[in-house]
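J.: As they're listed, the protein sequences go chains A and B. At position 145 of the first sequence the residue is numbered 145 (UniProt numbering), and the sequence of numbers has no breaks. At position 9 of the second sequence the residue is numbered 9 (UniProt numbering), and the sequence of numbers has no breaks. Don't be surprised by glycine CBs; every beta carbon is placed ideally from N, CA and C. It should be emphasised that the depicted structure is a prediction, and the values quoted were computed from it without experimental measurement.
There are 2 protein chains.
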Amino acid sequence: MDLFPIFQELMQASESKILLVVLDGVGGLPLELGGPTELEAARTPNLDRLAEESALGLLTPVYPGLAPGSGPGHLALFGYDPFRFLVGRGALSALGLGADFREGDVALRGNFATLAPDGTVLDRRAGRPSTEENRRVVARLQEAIPRLEDVEVHFYTESEHRFLVVLRGEGLSDAVTDTDPQKAGLKPLPARALEAGAERTARLVGLLSERIREVLRDEPKLNGALFRGASKRPSFPSMGEVYGLRAAAIASYPMYKGLASLVGMEVLPVEGEGDAHEGKLRTLRENWDRYDFFYLHFKKTDAKGEDGDFWGKVGEIERFDALLPELLALGPTVLALTGDHSTPAALKAHSWHPVPLLLKAPYLRRDEARRFTEGEALKGSLGHLRGVELMPLLLAHAGRLAKYGA
Amino acid sequence: MDLFPIFQELMQASESKILLVVLDGVGGLPLELGGPTELEAARTPNLDRLAEESALGLLTPVYPGLAPGSGPGHLALFGYDPFRFLVGRGALSALGLGADFREGDVALRGNFATLAPDGTVLDRRAGRPSTEENRRVVARLQEAIPRLEDVEVHFYTESEHRFLVVLRGEGLSDAVTDTDPQKAGLKPLPARALEAGAERTARLVGLLSERIREVLRDEPKLNGALFRGASKRPSFPSMGEVYGLRAAAIASYPMYKGLASLVGMEVLPVEGEGDAHEGKLRTLRENWDRYDFFYLHFKKTDAKGEDGDFWGKVGEIERFDALLPELLALGPTVLALTGDHSTPAALKAHSWHPVPLLLKAPYLRRDEARRFTEGEALKGSLGHLRGVELMPLLLAHAGRLAKYGA
């Protein structure tokens with residue numbers, strides 16, 4: 001159900017400031033049954049003190065059993081129903097790579113493949129080349145195919161056999177089928193138009209595939225390309241339109257900046273490598289007076305979880321804990337701390353498990369949760385929420401939502 | 001919202017086995033405020049031990065306040081939204097009776113009624129005859145009316161004044177109105193077609209009502225019939241199509257076999273009377289290697305609740321407890337234990353109260369629930385779920401759902 005018209009109707013002005021901190025993939029699992037999760041194992045004196053004066057709850061990011069990718073997990077936290085606000089595969093790659101990806105462009109996920117002389121696919125992943133090998137071939141293609149007819153063609157290396165193409169020109173459509181036949185022994189499929197007006201884009205994708213084969217005919221392995229997930233940059237209503245918020249994003253990794261920009265946040269520059277704690281803090285301080293809402297993203301908790309590095313993830317949680325006093329010193333009216341999904345080290349992957357939510361704000365009830373952990377969050381006074389339900393709660397505590405109905 | 005296309009997209013192969021055990025109507029109420037429920041009163045050493053190493057949660061079968069029938073309660077547990085996947089009244093009776101009810105057939109719920117000579121309904125339930133009386137009259141009707149035109153007519157005794165008719169022939173429709181006027185003093189209503197193509201079926205229902213009056217004109221009480229809930233066998237996507245599961249049902253009562261067959265489960269034969277613990281266990285063992293998912297149903301907890309027999313229901317829970325070690329010995333990857341609704345002996349009826357859910361599976365968080373009871377389930381790490389949310393959770397724990405979105 002679309003609640004945006006309701007939020008729009010109820011929005012009211014306020015001087016309050018909302019700070020939403022996302023520790024990517026922060027939810028975890030014990031290494032063995034009955035043991036602590038990463039959050040439970042971490043020593044977090046500052047978070048513990050904050051939890052005492054906060055309300056906690058447990059957040060199911062998207063749906064029970066669904067392990068969300070970064071896209072759905074974040075859109076839900078921003079209040080955008082991830083079943084309604086879809087980001088195509090090509091578009092998500094473009095956001096993840098920080099590619100120049102504009103309204104009207106069409107992004108396509110490419111696989112380098114090995115094709116037989118008759119065009120049959122021998123290996124859909126071209127023997128899993130190194131990312132450097134990918135870069136070399138992408139550079140050849142970019143030089144040889146800067147455009148097709150009047151359409152610009154931009155190639156980007158993703159990793160191993162994966163690359164991205166962004167087409168830029170007038171009248172392009174993303175309603176074209178994949179050329180990837182999904183298994184070896186078949187020929188690449190022709191790109192077909194899925195609706196009237198898409199015929200030219202389908203023809204261009206076919207032409208692109210042919211040109212790539214010509215340019216790469218001397219390559220032993222990376223001599224063809226298969227395309228999937230043609231998509232335009234989605235056009236979502238902005239957080240300004242929906243919530244009346246001047247919203248800013250502070251993140252280091254392209255994917256999160258890209259997702260924030262999709263919902264109309266201003267993406268602020270951050271100096272420093274990796275999670276750049278100091279750089280993010282500086283950006284936050286310097287821009288504190290200019291926005292109503294800040295989305296502050298930390299990536300390393302997820303990265304360590306993906307690596308299966310339980311204690312590395314614990315260390316990242318503790319690093320964040322050390323930063324916390326400086327965030328609190330800014331005096332946000334509403335501070336929310338949560339994750340976009342769980343990434344238990346035990347699974348080395350995103351999982352479907354709920355994540356803890358901490359809310360420091362006016363108008364809280366007492367609760368019995370004493371730490372920012374999965375187990376304590378269960379006892380919290382916020383109860384059990386879906387990711388998409390977080391934003392209205394933050395707006396309410398920030399005094400930004402009027403009464404619904406008379 | 002229809003999530004089936006999402007599950008279909010995300011399904012992935014696995015060697016895992018899921019065992020879903022449904023103790024029908026297992027949720028209860030105390031006999032007096034502050035007392036134990038049936039589950040709390042039962043001595044269940046095996047369940048208690050299992051609960052220690054499981055995660056618990058509380059499941060609202062369909063919606064808060066709604067006391068579900070067997071149909072909606074079970075469909076929800078199978079992941080089929082009971083507000084979207086509707087089973088008509090006639091179809092549900094046919095399933096409950098284990099009637100031969102095929103695609104294209106139309107099932108009608110009948111009431112024997114007492115009609116005045118001018119056709120006015122004197123008693124909508126014909127003085128609540130005994131079920132034996134019903135059988136006698138049904139036999140008369142079956143012999144006298146084996147068909148109408150080229151349509152086969154099959155009569156089944158349900159109980160007391162209730163019976164079932166299954167019509168079998170080409171081009172039948174269930175879009176016909178009820179003939180039951182819903183109160184005495186009125187004449188039976190004509191069956192009307194609700195859409196083009198249903199006219200003939202409406203005429204046949206009218207003809208059937210006339211023929212029944214002719215055949216039963218010498219009966220003092222059961223001399224007419226009123227029809228309701230014309231329905232075809234619903235055509236639902238199968239669990240194989242939706243989840244990629246080879247699914248089997250092990251149940252003794254026709255209703256549950258019928259519901260399982262509606263979602264494409266293979267219904268396995270069970271030897272023995274009543275809940276047939278040994279027979280079910282044997283069927284489960286013998287078929288263990290042939291399926292990915294087993295639905296194992298026990299009925300008596302509900303039956304004792306319906307009878308208002310608190311201690312009888314406690315006894316059925318304890319009987320199940322005794323069987324539990326043999327179920328665990330099979331080594332299911334994911335074991336879920338729950339009910340399709342509550343049937344508190346205190347109410348002698350299905351109720352709307354949530355039911356406990358126990359999940360023994362990989363990737364569990366520690367939780368503080370120590371027994372499979374309503375009160376302990378509240379503290380469980382699974383939180384509070386809807387019935388329809390159970391299946392995706394089971395699939396996730398079984399490693400059968402890929403990440404949603406990149």
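With 16 as the cutoff for other CB atoms within 10 Å, does F83(B) come out buried or exposed?
T.: With fewer than 16 other Cβ atoms within 10 Å, it is exposed.
J.: Under 8 Å, Cβ to Cβ, is there at least one residue of chain B near P220(A)?
T.: So no, P220(A) is outside the interface.
J.: Determine the closest residue to A196(A) out of L172(A), D180(A), G206(A), with distance taken between C-alpha atoms.
T.: Cα-wise, what sits closest to A196(A) is L172(A).
J.: Using a cut-off of 8 Å between C-beta atoms, extract the partners of S381(B) located in chain E.
T.: Here chain E cannot be found, since the structure's protein chains are A and B.
J.: Around the C-beta of Y363(A), are 16 or more other C-beta atoms found within 10 angstroms, so that it is buried, or is it exposed?
T.: Per the 10 Å Cβ criterion, exposed.
J.: Is the stretch 109–120 of chain B in contact with the stretch 245–252 of chain B, if contact means three or more CB pairs nearer than 8 Å?
T.: No, the stretch 109–120 of chain B is not in contact with the stretch 245–252 of chain B.
J.: Could you tell me whether the Cβ of K403(B) comes closer than 8 Å to any Cβ of chain A?
T.: Yes, K403(B) counts as interfacial toward chain A.
J.: The beta strand (DSSP E) that contains K232(B), what's its start and end?
T.: First-last of the beta strand (DSSP E) with K232(B): 224–232.
J.: Residues of chain A with CB closer than 7 Å to the CB of H384(B), please, in chain order.
T.: Within 7 Å Cβ-Cβ: H384.
J.: So with CB distances below 8 Å, who are the chain A contacts of R365(B)?
T.: By Cβ distance, chain A contributes L29, P30, T37, H353, E374, G375.
J.: Can you list, in chain order, the residues of its chain whose CB lies under 6 Å from that of D174(A), leaving out five sequence neighbours each side?
T.: Closer than 6 Å at Cβ, skipping near neighbours: V106, A230, S231, K232.
J.: Rounded to the nearest angstrom, what separates A164(B) and R89(A) at their Cα positions?
T.: At residue 164(B) the sequence reads Leu, which differs from the Ala that was named. Between L164(B) and R89(A), the C-alpha separation is close to 53 Å.
J.: Residues of chain B with CB under 8 Å from residue 495(A), in chain order?
T.: Residue 495(A) lies beyond the residue range present for chain A, which begins at 1 and ends at 406; the question has no answer from this structure.
J.: Within the continuous alpha helix (DSSP H) that includes E389(B), where are the two ends?
T.: Neither: E389(B) is in no alpha helix (DSSP H) and is coded neither H nor E.
J.: What ranges does the alpha helix (DSSP H) occupy inside the stretch 19–82 of chain B, keeping only unbroken runs of at least 4 residues that lie completely in it?
T.: Counting whole runs of 4 or more residues, the stretch 19–82 of chain B contains the alpha helix (DSSP H) stretches 38–41, 45–52, 70–77.
J.: Using a Cβ-Cβ cutoff of less than 7 Å, which residues in the same chain neighbour T37(A) once the five nearest sequence positions on both sides are dropped?
T.: Closer than 7 Å at the Cβ level, and outside the excluded window around T37(A), lie G28, L29, P30, T373, E374.
J.: Report the option in R168(A), G65(A), G119(A), A402(A) whose CA atom is closest to the CA atom of G104(A).
T.: The candidate whose alpha carbon is nearest that of G104(A) is R168(A).
J.: Cα-Cα, which of T333(A), F298(A), K304(A), E306(A) is closest to residue 447(A)?
T.: Because chain A here runs from 1 to 406, residue 447(A) falls outside it and cannot be looked at.
J.: Select from E53(B), L75(B), F310(B), K17(B) the residue whose C-alpha is nearest the C-alpha of A42(B).
T.: When only C-alpha atoms are compared, the closest one is F310(B).
J.: Out of A94(B), A113(B), S235(B), E326(B), state which residue places its alpha-carbon closest to the alpha-carbon of L216(B).
T.: Closest option to L216(B), Cα to Cα, is A113(B).
J.: How long is the line joining the alpha carbons of H154(A) and A99(A), rounded to whole angstroms?
T.: Spanning the two alpha carbons is a distance of roughly 9 Å.
J.: Determine, using beta carbons only, whether Y404(B) and A349(A) come nearer to each other than 8 Å.
T.: Going by C-beta atoms, Y404(B) is not nearer than 8 Å to A349(A).
J.: State yes or no: is the C-beta of R386(B) within less than 8 Å of the C-beta of T60(B)?
T.: Yes, the Cβ-Cβ distance between R386(B) and T60(B) is below 8 Å.
J.: Return the Cβ separation of H384(B) and L58(B) in integer angstroms, given the expectation that the two are a contact with Cβ distance under 8 Å.
T.: Yes, they are in contact, since the Cβ atoms of H384(B) and L58(B) sit about 5 Å apart, within 8 Å.
J.: Considering only the alpha carbon of each residue, which of R49(B), L95(B), R136(B) lies closest to G71(B)?
T.: When only C-alpha atoms are compared, the closest one is L95(B).
J.: Given 8 Å as the limit, is there contact between the stretch 195–210 of chain B and the stretch 175–185 of chain B, that is, 3 or more CB pairs closer than that?
T.: The stretch 195–210 of chain B, when compared against the stretch 175–185 of chain B, does touch it at the 8 Å Cβ threshold.
J.: Please classify L186(B) as buried or exposed, where buried requires at least 16 other C-beta atoms within 10 Å of its C-beta.
T.: By the neighbour-count rule (16 or more Cβ atoms within 10 Å), L186(B) is not buried but exposed.
J.: Which residue from L77(A), I18(A), A346(A) puts its Cα closest to that of P356(A)?
T.: Cα-wise, what sits closest to P356(A) is L77(A).
J.: Which residue from L86(A), V166(A), S159(A) puts its Cα closest to that of R147(A)?
T.: Of the listed residues, the one whose Cα sits closest to R147(A) is V166(A).
J.: Please report the Cβ distance between G25(A) and H341(A), rounded to the nearest whole angstrom; I am assuming they are in contact, meaning their Cβ atoms lie under 8 Å.
T.: Contact holds; Cβ gap of about 6 Å.
J.: Pull the bridge partners of Y156(A) from the DSSP assignment, please.
T.: BP columns for Y156(A) point to L164(A).
J.: Does the Cβ of D150(B) have 16 or more other Cβ atoms within 10 Å, making it buried, or fewer, making it exposed?
T.: Classification of D150(B): exposed, given that the 10 Å Cβ count is below 16.
J.: Identify the contact partners of V62(A) in chain B, using a Cβ-Cβ distance below 9 Å as the criterion.
T.: Within 9 Å Cβ-Cβ: Y404, G405.
J.: Quick one: list the residues of chain A neighbouring L395(B), beta-carbon separation under 8 Å, in chain order.
T.: Going along chain A in sequence order, the residues near L395(B) (Cβ under 8 Å) are G65.
J.: Exposed or buried, what is D2(B) when buried is set at 16 or more other beta-carbons lying within 10 Å of its beta-carbon?
T.: With fewer than 16 Cβ atoms within 10 Å of its Cβ, D2(B) is classed as exposed.
J.: DSSP three-state call for I250(A): helix, strand or coil?
T.: Strand.
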